[in-house]
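Letter by letter, the sequence shown follows residues -12 to 427 in the numbering used here. Down below is the structure, laid out as structure tokens.
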Amino acid sequence: MASSILADKLHEYPKQDVIDGTGGGSASILDDCLNSHDGVLQLLHRYAGRTFCTPGKRLRLDEQSYYPDYMNGTGLDEVWMCCTVPIVTGVVDTRTKKAPFREGESHVLTPNGQVISLQDLIVANPEVVMGEKMTAFSKSLFGEPTWPIVSKKFDNLNPIPHHLHWSKWEVYDINSFDNPGVSPSHYHTTAMGLYPFVTKDQFLACMKRFGQGEYNGVRHLSPHVMMQLDNGFVMPNGVLHSPTDLCTHELHVTMDEHFLAEDLTLDGRIGAADAFYACREEDYPKDRHEDWDYLVEKFDFEANQDPEFVLKNSRPAITAEEFAGDGVDAKWIVYGDFLGDQKCSILRLTLEPGGRTTFCPESPALFHTNGGSGRVGKLAVRYHQDMVLGEIYSEIGFITQAALASGGVEIENTGTESLVLTFDFPQHAHSRTPGVAVTK
């Protein structure tokens, strides 16, 4: 059955037809995509802007592309690499008077140059794309098969407003590839939690000042931590944080919700309506918005005032012995358990010129390119600079269960510089959690 073409376009790719994957025919399209690159799907860069942020301009777009004329002055400060749910930015496309069509949602490039939602391909054959284990896990978590992790990068000129996620945990990889020229002795910090000496009454008084004066001062109550380049960090849900003004690769559970806790930043004022805009009803009911006493009673002071928070949640990079080899360096950037189990992990693979390896992890994974050029399966990849909005660049891919079932994918560095790839693994991807010592 032939699939129909949707009238709407992805805002970044007006030249590409968008296939309606809900009308039948997705299974054959999936087969074509899998056969094209030995089980590797090519994903598009999906860009987004936040109305309360200013781009740091390290997403490697050309200067003209950061501020599309249809975004009413909002700049692009995020690239979403793998996401199967709608995101919540507050941006309105001035052409349609609506949020940008399928904003942030992952789309796959087909062999004939059309695009189709990754979620539509997952639904067409979840076990071929994600495998039995991830299919069962995602159904248990979301009620339907979907990729259970989001991969993105956010890049801001200033620290993000101090905020928290009631339900969404996340992890960070702040690396030197995304932040060229930044010294290891930089002074870019992330505010995290509250100082142990802050009382409940002090915090409540601070929140009750939201929108009432010059600044409610919530970030003054938080310790600030200097983030280490090329290492990972874990941010549990429910903890206040104001991420650094560095380009940050982030993974989080498949949802997009937040509460903004401060009313003034270097990017401007935040109104109460904006503060609660992205809260889910089940996490923070609408009739409780601006009920600061309710917020403080719900707030997890123990998690926010843990004196060992940095020690528990830092993830210094460690060698990934199972993937390293001759001319191949492999490091776990995010690993281990947090919040009680194996949430997700990040692996960075570096191949020297001429290097080659067969990559066959236990689970499907998203990957993106951090440097050099080469191939993953039959998909040619190359790290780009000055990318133009509207053009397609081969940097991001998804290694499916179909590829793993065939013995994995061969990765080869075909260039003259190091080929650097970063792999994002979902929850419970490994039978043995990375970073956990084997007991004898």
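In this text, a Cβ means the ideal position worked out from N, Cα and C, and glycines have one as well.
Cutting at 6 Å between CB atoms, please list the residues of its own chain near residue i, excluding the five before and the five after it.
i    : result
K427 : Confidence at K427 is low in this model, with a pLDDT of 39, below 50, so the placement of that residue should be treated as unreliable; the coordinate-derived value is given next. Cβ within range, chain order: n/a, list empty.
S332 : V321, Y322, F412 and P421
R275 : Y281
L247 : P148, H150, I257 and A262
Y34  : E(-1), L63 and V66
R369 : S360
S163 : L216 and D217
E289 : none
G91  : R33, A35, W67, C70 and I74
L406 : L338, G359, G361 and N400
Under 8 Å: does the beta carbon of residue i sit that close to some heavy atom of the ligand ZN?
i    : result
V116 : In terms of ligand content, the structure shown is empty, and the ligand ZN therefore cannot be addressed.
In the DSSP assignment, find the unbroken alpha helix (DSSP H) run with residue i in it and report its ends.
i    : result
S13  : S13 to S23
M121 : G118 to F129
N291 : F288 to N291
L326 : No alpha helix (DSSP H) contains L326, which DSSP labels as neither H nor E.
A262 : A259 to A262
A111 : L105 to A111
In the DSSP assignment, find the beta strand (DSSP E) that holds residue i and state where it starts and stops.
i    : result
W279 : Careful: W279 lies outside any beta strand (DSSP E), inside the alpha helix (DSSP H) at W279 to K285.
C69  : E65 to C69
V297 : Premise fails: V297 lies in the alpha helix (DSSP H), F296 to N300, not in any beta strand (DSSP E).
M58  : No beta strand (DSSP E) contains M58, which DSSP labels as neither H nor E.
F220 : N218 to M222
S332 : S332 to L338
L35  : Looking at the sequence itself, residue 35 is Ala, so the reference to Leu does not match. Counting along the chain, the beta strand (DSSP E) containing A35 begins and ends at R33 to A35.
F346 : R343 to F346
K2   : Looking at the DSSP string, K2 is not in any beta strand (DSSP E), and its letter there is neither H nor E.
V443 : Because the chain here runs from -12 to 427, residue 443 falls outside it and cannot be looked at.
F141 : I136 to F141
V95  : H94 to L96
Apart from the five residues just before and just after residue i, which ones in its own chain have a Cβ nearer than 8 Å to its Cβ?
i    : result
D80  : H(-2), Y57, M58, A86, P87 and F88
E201 : L251
P171 : Q215 and L216
E244 : V75, H152, W153, S154, K155, A265, C266, R267 and D270
N291 : G180, L181, G225, V226 and L227
Quick one: what's got a C-beta closer than 7 Å to residue i's C-beta in the same chain, skipping five residues either side?
i      : result
K285   : none
M(-12) : Interpretation of M(-12) is limited by its pLDDT of 47, a score under 50 that renders its predicted location unreliable; the figure taken from the coordinates is listed afterwards. Here the set comprises G11 and G12.
P113   : T122 and P132
D25    : G364, K365, A390 and V396
E433   : Absent from the model: residue 433. The displayed extent of the chain is -12 to 427, so no value can be given.
L326   : W156 and P223
V425   : At V425 the pLDDT is 46, less than 50, meaning the model places this residue with poor confidence; the figure from the coordinates comes in the next sentence. For V425, where only same-chain residues beyond five positions count, there are no Cβ hits under 7 Å.
Indicate whether at least one CB of chain D lies closer than 9 Å to the CB of residue i.
i    : result
L298 : The structure shown contains no chain D, having only a single protein chain.
Pop quiz: residue i and residue j are said to be a contact at Cβ under 8 Å. What is the actual Cβ separation, rounded to whole angstroms?
i    : j    : result
L238 : V375 : In fact, because the Cβ distance is near 27 Å, the residues do not count as touching under 8 Å.
V297 : V205 : Wrong, their Cβ atoms sit about 19 Å apart, outside the cutoff.
C40  : K140 : With 8 Å as the limit, C40 and K140 do not qualify as a contact, their Cβ atoms being about 13 Å apart.
H355 : E382 : 6 Å
T9   : D107 : 7 Å
L338 : G314 : 6 Å
G364 : V27  : 4 Å
D165 : P42  : Going by Cβ atoms, the distance from D165 to P42 rounds to 13 Å, so no, they are not a contact pair.
Check whether the segment 12 to 25 touches the segment 229 to 237, taking contact to mean three or more Cβ pairs, one atom from each stretch, closer than 8 Å.
no
Using a Cβ distance threshold of 8 Å, determine whether the segment 329 to 344 contacts the segment 396 to 403, with at least three qualifying pairs required.
Touching, yes, given that three or more Cβ pairs across the two stretches are closer than 8 Å.
Sufficient close CB pairs (3 or more, under 8 Å) joining the segment 178 to 195 to the segment 124 to 144:
no
Does the segment 60 to 76 come close enough to the segment 95 to 103 to have 3 or more Cβ pairs within less than 8 Å?
no
Jot down the residue ranges of each uninterrupted beta strand (DSSP E) in the segment 350 to 427, minimum 3 residues, whole runs only, in chain order.
As far as the segment 350 to 427 is concerned, its whole beta strand (DSSP E) runs of at least 3 residues are 352 to 358, 360 to 363, 366 to 369, 383 to 386, 396 to 400 and 406 to 412.
The segment 352 to 368 touching the segment 402 to 412, judged by at least three CB pairs closer than 8 Å:
yes
So, do the segment 168 to 187 and the segment 66 to 73 have three or more beta carbon pairs nearer to each other than 8 Å?
no
If contact is defined by three or more beta carbon pairs under 8 Å, each pair taking one atom from either stretch, is the segment 293 to 303 in contact with the segment 216 to 223?
Look at the beta carbons and you see the segment 216 to 223 touching the segment 293 to 303: at least three pairs across the two are nearer than 8 Å.
Sequence ranges, beta strand (DSSP E) only - wholly within the segment 159 to 244, length at least 3
176 to 179, 211 to 213, 218 to 222 and 235 to 240
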